[in-house]
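Down below is the structure, laid out as structure tokens.
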Amino acid sequence: MSLFFPHLRLRPNTARAATIASALALVALPFLVTPFGGDAWVRTLAFAALYVMLALGLNLVVGFAGLLDLGYIAFYAVGAYTYALLSSPHLTENFAALAAQFPHGLHGSIWIVMPLGAGIAAFFGVLLGAPVLKLRGDYLAIVTLGFGEIIRIFLNNLNSPLNFTNGPQGITLIDPVSVAGVSLARAHEVFGLRLSSVTMYYYLFLAMTLLSIVVCIRLQDSRLGRAFMAIREDDVAAKAMGINVRNVKLLAFALGATFGGVSGSLFAAFQGFVSPESFSLMESIIVLAMVVLGGIGHIPGVVLGAVLLSIFPEVLRTAAKYQQTIFGTILVDSEVLRMLLYGLAMVVIMLYRPKGLWPAPEHGISPAQLGSADVAGGVAIGGQVAAPR
Amino acid sequence: MAATQENLLSVTGVNKRFGGLQALSDVGLEIQRGEIYGLIGPNGAGKTTFFNVITGLYAPDSGTFRLAGRAYSPSAVHKVAEAGIARTFQNIRLFPDMTAQENVMVGRHVRTKATALGAVLRTPATRGEEKAIRERSMELLEYVGVTKYANFQARTLAYGDQRRLEIARALATDPKLLALDEPAAGMNATEKIALRALLERICQDGITILLIEHDVKLVLGLCDRVTVLHYGKIIGAGAPADVQRNSEVIEAYLGGSHKTVTTKAAA
Numbered sequence: 060m061s062l063f064f065p066h067l068r069l070r071p072n073t074a075r076a077a078t079i080a081s082a083l084a085l086v087a088l089p090f091l092v093t094p095f096g097g098d099a100w101v102r103t104l105a106f107a108a109l110y111v112m113l114a115l116g117l118n119l120v121v122g123f124a125g126l127l128d129l130g131y132i133a134f135y136a137v138g139a140y141t142y143a144l145l146s147s148p149h150l151t152e153n154f155a156a157l158a159a160q161f162p163h164g165l166h167g168s169i170w171i172v173m174p175l176g177a178g179i180a181a182f183f184g185v186l187l188g189a190p191v192l193k194l195r196g197d198y199l200a201i202v203t204l205g206f207g208e209i210i211r212i213f214l215n216n217l218n219s220p221l222n223f224t225n226g227p228q229g230i231t232l233i234d235p236v237s238v239a240g241v242s243l244a245r246a247h248e249v250f251g252l253r254l255s256s257v258t259m260y261y262y263l264f265l266a267m268t269l270l271s272i273v274v275c276i277r278l279q280d281s282r283l284g285r286a287f288m289a290i291r292e293d294d295v296a297a298k299a300m301g302i303n304v305r306n307v308k309l310l311a312f313a314l315g316a317t318f319g320g321v322s323g324s325l326f327a328a329f330q331g332f333v334s335p336e337s338f339s340l341m342e343s344i345i346v347l348a349m350v351v352l353g354g355i356g357h358i359p360g361v362v363l364g365a366v367l368l369s370i371f372p373e374v375l376r377t378a379a380k381y382q383q384t385i386f387g388t389i390l391v392d393s394e395v396l397r398m399l400l401y402g403l404a405m406v407v408i409m410l411y412r413p414k415g416l417w418p419a420p421e422h423g424i425s426p427a428q429l430g431s432a433d434v435a436g437g438v439a440i441g442g443q444v445a446a447p448r
Numbered sequence: 292m293a294a295t296q297e298n299l300l301s302v303t304g305v306n307k308r309f310g311g312l313q314a315l316s317d318v319g320l321e322i323q324r325g326e327i328y329g330l331i332g333p334n335g336a337g338k339t340t341f342f343n344v345i346t347g348l349y350a351p352d353s354g355t356f357r358l359a360g361r362a363y364s365p366s367a368v369h370k371v372a373e374a375g376i377a378r379t380f381q382n383i384r385l386f387p388d389m390t391a392q393e394n395v396m397v398g399r400h401v402r403t404k405a406t407a408l409g410a411v412l413r414t415p416a417t418r419g420e421e422k423a424i425r426e427r428s429m430e431l432l433e434y435v436g437v438t439k440y441a442n443f444q445a446r447t448l449a450y451g452d453q454r455r456l457e458i459a460r461a462l463a464t465d466p467k468l469l470a471l472d473e474p475a476a477g478m479n480a481t482e483k484i485a486l487r488a489l490l491e492r493i494c495q496d497g498i499t500i501l502l503i504e505h506d507v508k509l510v511l512g513l514c515d516r517v518t519v520l521h522y523g524k525i526i527g528a529g530a531p532a533d534v535q536r537n538s539e540v541i542e543a544y545l546g547g548s549h550k551t552v553t554t555k556a557a558a
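Chains E and D supply the protein sequences, listed in that same order.
Residue numbers 60 to 448, in our numbering, belong to the letters of the first sequence in order.
Residue numbers 292 to 558, in our numbering, belong to the letters of the second sequence in order.
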């Protein structure tokens, strides 16, 4: 709790109680939403967790290191396709040599393929980062946008002459996740409670999300986290402080991509199906919107942004139905109305909270407010302090 | 001390051309360990260009560079910092949204080695290093006298304090040579006196200083030796008292007719 609300300065007992309460709330959430439409809402929650992971990864690149990336969804795609190819019958059906090697088909365990997918995504992160090291701002955004599209177009077209990705039809029959031999594809009874498949995925994603948050917080408060921020603030000064800006930028791209790779693998296992359609530019923009609307560079804000922007459209989907009861007829198509309201909400947030819904708190107060005599300069020198080494 | 007579920085034959402008022609200097060395000259003399070449920001067309007896190539800024030259900037370049302490902590980057994995796993080595970074940064904030603003965003500090913070950040890299680009620019008289005391103290604590300065009075009072640049050429070098009497230097600063002016004034 104190990680999220440092300025509240909660007492340890209060903080512990708050942590336990929120943990219980998160665990109970699927059961609270099930009465309102069954697994659909649990599914939304699971996706919210996936989006939190994506937003956290993008925040490493955009928020911490200040590198605007409009093609982030490509890493999600790389992770998803890595798992899809290594845990589905697709490759063995299309390549006789592989089928001979693996007569029972490829069934890579998620616990092996997910780190692999993360690694491949990180590699792609470096691949994207290397040519754009000297680019900033708008120019960087355009190149990363292009990169995202290139990956999607490759996935769309790599089905001939050799069928690697099955093109626009996508890859089906992807293995579900099993945790310790328990397949998450079927419902299970635990202590008399019926846990649906979607609920178990929600718990898995929740655990991965919490892990991602811890990783992000630890990175933020580290030597490398400071190096990322130094580059964002002033890269010339960062260089002058001995930071190898090239390597640190590449590391930022790679680390950010890792999060995309992990959530991509989970996405593929959850859906059982991937196609290039899921990795359009719109998705990149939505994830970026989560980061910016929540509070760029501020982990709690980014989590909030991701949760709100992934759940809000679903809420609007139900809200749009009510126009019939109010007006007696459907004035605007519900899908159109949903996107209209979504856009309106974004405009309102940016007008009234330009730094995001939950921006990083300002540190301390300004020296001027401190009102001390030596603020204008001429701070006394001397006293017993350590000499530079 | 005989050891202090050894050259810390030795730069010779530096040429730098920007298109049609020969910004530096055959410039060089030798800085001894433990001294405060001044680099002065009128506007556009090439001081900052020379400074940027030494610290790796501009690639020179020619020149040899040795620091503490070892040749270094000013091809990458971060490598120069690693070799032991820390710099500040003419128009302060702090990390504005980071706190004062974080700014100084960034300075420790080059002397520490925690990896991303170490940070994520919070290994004992990383935690120990992080603690050392924090302690050292607080020491340095106290050293330059801005401790009380440790948790303030750097941009909220008063101008003079920002200058001091920039010096603290540079000191955090454990430099052999501290290179300051016009540290007194924009300071009032009180701030200048405090700055001078700080620089003298840094020098006493064993760090060699290279100083570019506009304020001739400050330079002549503070520096052990100076080099005067004019239109990219060295027109005088040596002890401040000698340089002050150098006719070429006087001409560069005051124009050609100074002799008549002074004679009239004397008469």
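Note that the Cβ used here is the ideal one computed from N, Cα and C, for glycine as well.
Query raised in the report: Which of helix, strand or coil does DSSP assign to E/Ala-446?
Result: Against the first sequence, residue 446 of chain E aligns to sequence position 387. With a pLDDT of only 41 at E/Ala-446, under 50, the local geometry of the prediction cannot be trusted, and the value read off the model is given with reservation. Looking at E/Ala-446 - three-state DSSP - the assignment turns out to be coil, as it is neither helix nor strand.
Report task. Answer yes if the stretch 401–414 of chain D comes into contact with the stretch 335–355 of chain D, meaning at least three C-beta pairs across the two stretches below 8 Å, and no otherwise. Result -> No, the stretch 335–355 of chain D does not touch the stretch 401–414 of chain D.
Query raised in the report: Buried or exposed: which applies to E/Ser-334, given that a residue is buried once 16 or more other Cβ atoms fall within 10 Å of its Cβ?
Result: For this step, residue 334 of chain E is matched to residue 275 along the first sequence. Classification of E/Ser-334: buried, given that the 10 Å Cβ count is 16 or more.
Query - Neighbour list for E/Gly-301 in chain D, Cβ cutoff strictly below 7 Å - result: Working through the first sequence from its first residue, we reach residue 301 of chain E at position 242. Annotation: Cβ neighbours of E/Gly-301 in chain D (cutoff 7 Å, chain order): His-369, Ala-372, Glu-373, His-400, Val-401 and Thr-464.
Report task. Only counting runs of 4 or more residues, tell me where the alpha helix (DSSP H) segments fall wholly within the stretch 319–359 of chain E, in order along the chain. Result -> Fully enclosed alpha helix (DSSP H) runs of 4 or longer: 340–354.
Requested in this report: To the nearest angstrom, report how far apart E/Ser-237 and E/Ala-328 are at their CA atoms.
Outcome: Within the first sequence, numbered from 1, the residue matching residue 237 of chain E stands at position 178. Within the first sequence, numbered from 1, the residue matching residue 328 of chain E stands at position 269. Roughly 10 Å between the two C-alpha positions.
Query raised in the report: Using a beta-carbon distance below 9 Å, is D/Phe-386 in contact with chain E?
Result: Along the second sequence, one-based indexing puts residue 386 of chain D at 95. For D/Phe-386, at least one C-beta of chain E is nearer than 9 Å to its own C-beta.
Report task. Provide the residue span of the beta strand (DSSP E) that contains D/Gln-322, from first to last. Result -> By one-based count along the second sequence, residue 322 of chain D stands at place 31. Looking at the sequence shown, residue 322 of chain D is not Gln but Ile. First-last of the beta strand (DSSP E) with D/Ile-322: 312–323.
**Report entry** Exposure of E/Tyr-198, with buried meaning 16 or more beta-carbon neighbours within 10 Å
**Finding:** Residue numbering aside, residue 198 of chain E sits at position 139 when the first sequence is read from its first letter. By the neighbour-count criterion, in which a residue is buried when 16 or more other Cβ atoms sit within 10 angstroms of its Cβ, E/Tyr-198 is exposed.
Requested in this report: Would you list the one or two residues that DSSP bridges to D/Val-540?
Outcome: In the second sequence, residue 540 of chain D corresponds to position 249, counting from 1. In the DSSP assignment, D/Val-540 forms no beta bridge with any residue.
**Report entry** chain D residues whose Cβ lies nearer than 7 Å to that of E/Asp-293
**Finding:** Working through the first sequence from its first residue, we reach residue 293 of chain E at position 234. Contacts between E/Asp-293 and chain D, judged by CB atoms closer than 7 Å, involve Arg-384 and Phe-386 in chain order.
Requested in this report: Name, going along the chain, the residues of the stretch 305–332 of chain E whose beta-carbon falls closer than 7 Å to a beta-carbon of chain D.
Outcome: Taking 7 Å as the Cβ-Cβ cut-off, the stretch 305–332 of chain E approaches chain D at Leu-310 and Leu-314, given in chain order.
Requested in this report: Tell me whether E/His-166 sits in a helix, a strand or coil according to DSSP, three-state version.
Outcome: Taking the first sequence and counting its residues from 1, the one referred to as residue 166 of chain E is at position 107. Reduced to three states, the DSSP call for E/His-166 is coil.
Query raised in the report: By a C-beta neighbour count over all protein chains shown, 10 Å radius and 16 as the cutoff for buried, is E/Gly-176 buried or exposed?
Result: Counting from one through the first sequence, the residue named residue 176 of chain E turns up at place 117. Buried is the call here.
Query - For D/Tyr-328, the three-state DSSP class (helix, strand or coil) - result: Mapped onto the second sequence, residue 328 of chain D falls at position 37. If DSSP states are grouped into helix, strand and coil, D/Tyr-328 belongs with the strands.
Query raised in the report: Using a Cβ cut-off of 9 Å, which residues of the stretch 253–275 of chain E contact any Cβ in chain D, in chain order?
Result: Residues of the stretch 253–275 of chain E with a C-beta less than 9 Å from any C-beta of chain D: Val-273 and Val-274, listed in chain order.
Query raised in the report: In three-state DSSP terms, what is E/Arg-195?
Result: The residue labelled residue 195 of chain E in the question sits at position 136 within the first sequence. Three-state result, E/Arg-195: coil.
Query raised in the report: Between which two residues does the beta strand (DSSP E) harbouring D/Ala-377 extend?
Result: As a working mapping, residue 377 of chain D is identified with position 86 in the second sequence. Counted as a single uninterrupted DSSP element, the beta strand (DSSP E) harbouring D/Ala-377 occupies residues 376–378.
Report task. Identify the contact partners of E/Met-288 in chain D, using a Cβ-Cβ distance below 9 Å as the criterion. Result -> Locating residue 288 of chain E in the first sequence gives position 229, where the first residue counts as 1. Simply Phe-386, Asp-388, Met-389, Glu-393 and Val-397.
Query raised in the report: How many angstroms separate the CA atom of D/Thr-403 from the CA atom of E/Pro-418?
Result: Looking up residue 403 of chain D in the second sequence gives position 112. Looking up residue 418 of chain E in the first sequence gives position 359. Rounded to whole angstroms, D/Thr-403 to E/Pro-418 spans 30 Å at the Cα level.
Requested in this report: Using a Cβ-Cβ cut-off of 9 Å, state whether E/Pro-193 counts as contacting chain D.
Outcome: Residue 193 of chain E sits at position 134 when you count from the first residue of the first sequence. The sequence as given places Lys at residue 193 of chain E; Pro does not occur at that position. No - not a single Cβ of chain D is within 9 Å of the one on E/Lys-193.
Query raised in the report: E/Ala-124 versus chain C: which residues are under 9 Å apart at the beta carbon?
Result: In the structure shown, chain C cannot be found, because the protein chains are E and D.
**Report entry** Completely contained alpha helix (DSSP H) runs for the stretch 385–438 of chain D, where each covers 4 or more residues
**Finding:** At a cut-off of 4 residues, the continuous stretches assigned as alpha helix (DSSP H) that sit fully inside the stretch 385–438 of chain D are 391–398, 407–412 and 415–435.
Query raised in the report: Considering E/Ser-393, what are the terminal residues of the beta strand (DSSP E) in which it resides?
Result: Along the first sequence, one-based indexing puts residue 393 of chain E at 334. Per DSSP, E/Ser-393 belongs to no beta strand (DSSP E); it is in the alpha helix (DSSP H), 393–411.
Requested in this report: Could you tell me which of E/Phe-90, E/Gly-301 and E/Ile-230 sits nearest to E/Leu-150, measuring between CA atoms?
Outcome: Here residue 150 of chain E refers to the residue found at position 91 when the first sequence is read from its first residue. Minimum Cα distance to E/Leu-150 is reached at E/Ile-230.
Query raised in the report: Nearest to E/Asn-306 by alpha carbon, out of E/Ala-143, E/Gly-188, E/Leu-145 and E/Ala-82?
Result: Here residue 306 of chain E is taken as the residue at index 247 of the first sequence, counted from 1. Closest option to E/Asn-306, Cα to Cα, is E/Gly-188.
**Report entry** E/Gly-205 versus E/Gly-130 - alpha carbon distance
**Finding:** For the purposes of this step, residue 205 of chain E is taken as the residue at position 146 of the first sequence. For the purposes of this step, residue 130 of chain E is taken as the residue at position 71 of the first sequence. Rounded to the nearest whole angstrom, the C-alpha separation of E/Gly-205 and E/Gly-130 is 7 Å.
Requested in this report: Find the residues of chain E that neighbour D/Val-411, judging by a C-beta separation of less than 9 Å, and give them in chain order.
Outcome: Locating residue 411 of chain D in the second sequence gives position 120, where the first residue counts as 1. Residues of chain E passing the Cβ test: Val-273, Val-274, Arg-277, Leu-278 and Ser-281.
Query raised in the report: Does the beta-carbon of E/Thr-388 have 16 or more other beta-carbons within 10 angstroms, so that it is buried, or is it exposed?
Result: For this step, residue 388 of chain E is matched to residue 329 along the first sequence. Exposed.
Requested in this report: Just mark E/Leu-100 as buried or exposed, buried being the case when its beta carbon has 16 or more other beta carbons within 10 Å.
Outcome: The residue you call residue 100 of chain E lines up with position 41 of the first sequence. The sequence shown places Trp at residue 100 of chain E, not Leu. Buried.
Requested in this report: Please state if the CB of E/Val-350 and the CB of E/Leu-117 are separated by a distance shorter than 9 Å.
Outcome: Position 58 of the first sequence, counted from the start, is the residue given in the question as residue 117 of chain E. Position 291 of the first sequence, counted from the start, is the residue given in the question as residue 350 of chain E. Using a Cβ distance threshold of 9 Å, E/Leu-117 and E/Val-350 count as a contacting pair.
**Report entry** C-alpha gap between D/Ala-359 and D/Glu-321, whole angstroms
**Finding:** If you number the second sequence from 1, residue 359 of chain D lands on position 68. If you number the second sequence from 1, residue 321 of chain D lands on position 30. D/Ala-359 and D/Glu-321 have their C-alpha atoms some 11 Å from each other.
Query raised in the report: Going along chain D in order, which residues have a C-beta closer than 8 Å to the C-beta of E/Arg-285?
Result: For this step, residue 285 of chain E is matched to residue 226 along the first sequence. Neighbours of E/Arg-285 in chain D, taken as residues whose beta carbon is under 8 Å from its own, are Met-389, Glu-393, Met-396, Val-397 and His-400 in chain order.
Query - Paired residues, beta bridge with D/Phe-356 - DSSP - result: Along the second sequence, read from residue 1 onward, the residue named residue 356 of chain D stands at position 65. DSSP output for D/Phe-356 lists D/Val-302 as bridge partner(s).
Requested in this report: With distances taken Cα to Cα, identify the nearest neighbour of D/Arg-454 among D/Glu-426, D/Asn-394, D/Pro-415 and D/Glu-421.
Outcome: The residue you call residue 454 of chain D lines up with position 163 of the second sequence. The option with the nearest alpha carbon to D/Arg-454 is D/Asn-394.
Report task. Taking C-beta pairs closer than 8 Å, name the residues in chain D that E/Lys-414 reaches, listed in chain order. Result -> Taking the first sequence and counting its residues from 1, one reaches residue 414 of chain E at position 355. Under the 8 Å cutoff, chain D gives no residues; its nearest Cβ is about 11 Å from E/Lys-414.
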